[in-house]
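J.: In this text, residue positions in the sequence shown follow numbering that gives the first Met the number 0: the first is 0, and each later residue adds one.
Just passing along the structure, written as structure tokens.
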Amino acid sequence: MGFFRNEKGTIISEYFKLIEPHANFLVGMMHDVQLYQDHILIKCGKLSAELQYNQITDVFYGMETEITEKEHSPIARAFIGGALFGGAGAIVGAMTATQKTKKRTFYFIISYTASDNGEEKIITFEDTRLYKGAKLAKKLKELANITPPSNHTKL
């Protein structure tokens, strides 16, 4: 994996925004997630946490799409539609007073077993750089030896 390696010894690293409270890390701040040969290091300013790959129980990287409707004034839309296209434009303009928008959020979630008490924990990040973390998540699954569930049923 010499291609990904840099002078610090990291295999790959990426920045993510923490979206749920975890340990002493700050929600809403960007965190540097660095993969090394035998562990993962999460850093935010002077704070850092290290996980061994055998502590990691699951890794999730995926997208959520939220569809919202934004109301516009039907009177204003009817007026603009009527001014541009006449009576039929006014009717169509009034009917299109609701606009749907899509918001896509990419999540990067690490599930692990705490080394001090054996408790299952998760750390949830948002990939604000739109799909930049997919490569890191894939590499983390490989290093932590996490295999996807099989689609085949044994008979």
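All C-beta atoms in this analysis are idealised placements derived from N, C-alpha and C, irrespective of residue type, glycine included.
Small disclaimer: the values here were computed from a predicted structure and weren't measured.
#1: Near residue 136, which residues of its chain fall below 7 Å by C-beta distance, leaving aside the five closest residues on each side in sequence?
#2: With distances taken from CA atoms, which of 34, 138, 110 is nearest residue 56?
#3: Using a Cβ distance threshold of 8 Å, determine whether the segment 61-68 contacts the segment 29-42, with at least three qualifying pairs required.
#4: With residue 141 as the anchor, note down where its beta strand (DSSP E) starts and where it stops.
#5: Taking buried to mean at least 16 other C-beta atoms within 10 Å of its own C-beta, is residue 115 buried or exposed?
#6: At the level of alpha carbons, what is the spacing between residue 19 and residue 27?
#7: With 16 as the cutoff for other CB atoms within 10 Å, does residue 5 come out buried or exposed?
#8: Rounded to the nearest angstrom, what separates residue 35 and residue 101 at their Cα positions?
#9: Of the residues 144, 133, 54, 122, which one's Cα is nearest the Cα of residue 25?
#10: My understanding is that residue 142 touches residue 52, with C-beta atoms under 8 Å, so please give their C-beta distance in whole angstroms.
#11: In the structure shown, what three-state DSSP assignment does residue 98 receive?
#12: Identify, in the order they occur along the chain, each residue of the same chain with its Cβ nearer than 6 Å to the Cβ of residue 133, setting aside the five sequence neighbours on each side.
T.: So, from the listed chains and residues:
#1: 58, 60, 107
#2: 110
#3: no
#4: Segment 133-142 is the alpha helix (DSSP H) holding residue 141; no beta strand (DSSP E) there.
#5: exposed
#6: 8 Å
#7: Note that residue 5 has pLDDT 49, beneath the 50 cutoff, so the model's placement of it is unreliable and the number below is only indicative. The residue is exposed, with fewer than 16 neighbouring Cβ atoms inside 10 Å.
#8: 36 Å
#9: 122
#10: 5 Å
#11: strand
#12: 60
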